[in-house]
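K.L.:
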Amino acid sequence: MMSLSVYSLAACADCEQSNIKTKHAFTGLQVTIYCKLENGHFKTRGVGKLDEEGKFKVSVHHKIVKDGKLNEECYA
125 MMSLSVYSLA ACADCEQSNI KTKHAFTGLQ VTIYCKLENG HFKTRGVGKL
175 DEEGKFKVSV HHKIVKDGKL NEECYA
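Under my numbering, think of the first position of the sequence shown as 125, with each following residue one higher.
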C-alpha cells in the first residue's frame with residue numbers, strides 16, 4: 125500500500141507566558157486528518173503523535189490525491 129505523509133509543526137501560543145515547557149504541552153497529543161466524503165460525512169484518514177517539539181507526521185493513503193491535488197476536503 126502506497127501512502128503520502130503530512131508533516132507539520134504545532135505551536136503553543138501561551139506556553140511561555142504560562143511558564144509551561146513545550147515538551148510538557150505536547151505530551152500525549154496527536155493530530156488526526158479528517159476528510160469530507162461526498163455524502164458530507166467525515167472519515168479519519170490518518171493519525172500521528174506530536175513529538176516534544178510539536179512536530180508530527182501523519183501518513184494518509186495515496187488515493188485521496190489525484191493529479192497532485194487532494195480529491196477530498198481534508199482537515200487536521
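Think of the CB as a built atom: it goes at the ideal place given N, C-alpha and C, for glycine as much as any other residue.
1. Counting C-beta neighbours from all protein chains within 10 Å, is the total for residue 208 16 or more, i.e. buried, or is it exposed?
2. Who pairs with residue 150 in a beta bridge, going by DSSP?
3. Rounded to the nearest angstrom, how far is the Cβ of residue 170 from that of residue 184, given a contact under 8 Å?
4. Name, in chain order, the residues that DSSP records as bridge partners for residue 190.
5. Does the beta-carbon distance from residue 133 to residue 167 come in below 7 Å?
6. Near residue 149, which residues of its chain fall below 6 Å by C-beta distance, leaving aside the five closest residues on each side in sequence?
P.N.:
This is what the structure holds:
1. Absent from the model: residue 208. The displayed extent of the chain is 125 to 200, so no value can be given.
2. Residue 150 is not bridged to any residue.
3. Contact holds; Cβ gap of about 4 Å.
4. The partner list for residue 190 (beta bridge, DSSP) reads 193.
5. Their beta carbons are not under 7 Å apart, which means residue 133 does not touch residue 167 by this criterion.
6. The residues are 136 and 139.
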